[in-house]
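*Asks:*
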Amino acid sequence: MKVVSTTKAPAAIGPYSQGMIVNNLFYSSGQIPLTANGELVSGDVTAQTHQVFQNLEAVLNEAGATFESVVKATVFIKDMNDFAAINEIYGEYFHSHKPARSCVEVARLPKDVLVEIEVVALVK
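Numbering of the sequence shown is given in my numbering, commencing with residue 3 and proceeding in unit increments.
Below is the structure:
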């Protein structure tokens, strides 16, 4: 196993890593809308979702993976009424490649954010 860590995404806010590589698979921790320096992105679900994808891109790159190599994504949202807005942004990052995905509404997310996303990707 190899720990993945980059300063281009927010540091873990607990006893976990940004991600792990096992064999040829990268497992990201859930990314929330914190900037790389740990500041919470305020604003609507659109702004928060874009920040989540910037964080995912940073950890994927550090792992030697890309959005094109993601095999599974899990999306956690605070309010299912935000599904369409999140899905639109999701489609900007996964426009031609469409990994398997789960999406669930949850009662609460860390720091009361509106969205959290984790991925599993092949490492090149």
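For each residue, glycine too, the CB sits at the ideal point set by N, CA and C.
1) Indicate whether P112 and K74 have their beta-carbon atoms separated by less than 9 Å.
2) Compute the Euclidean distance between the alpha carbons of E2 and Q50, then round it to the nearest angstrom.
3) Which same chain residues, not among the five before or five after F96, have their C-beta less than 8 Å away from its C-beta?
4) Quick one: using the 10 Å Cβ neighbour count with 16 as the cut-off for buried, is A107 buried or exposed?
5) Taking the alpha carbon of V24 as the point to measure from, which residue in L36, G40 and M3 has its own alpha carbon closest?
*Replies:* In terms of the structure at hand:
1) no
2) Here the chain comprises residues numbered 3 to 126, so residue 2 is not present and cannot be evaluated.
3) F69, V72 and A75
4) For the record, residue 107 in the displayed sequence is Glu; it is not Ala. Answer is exposed; the Cβ neighbour count stays below 16.
5) M3
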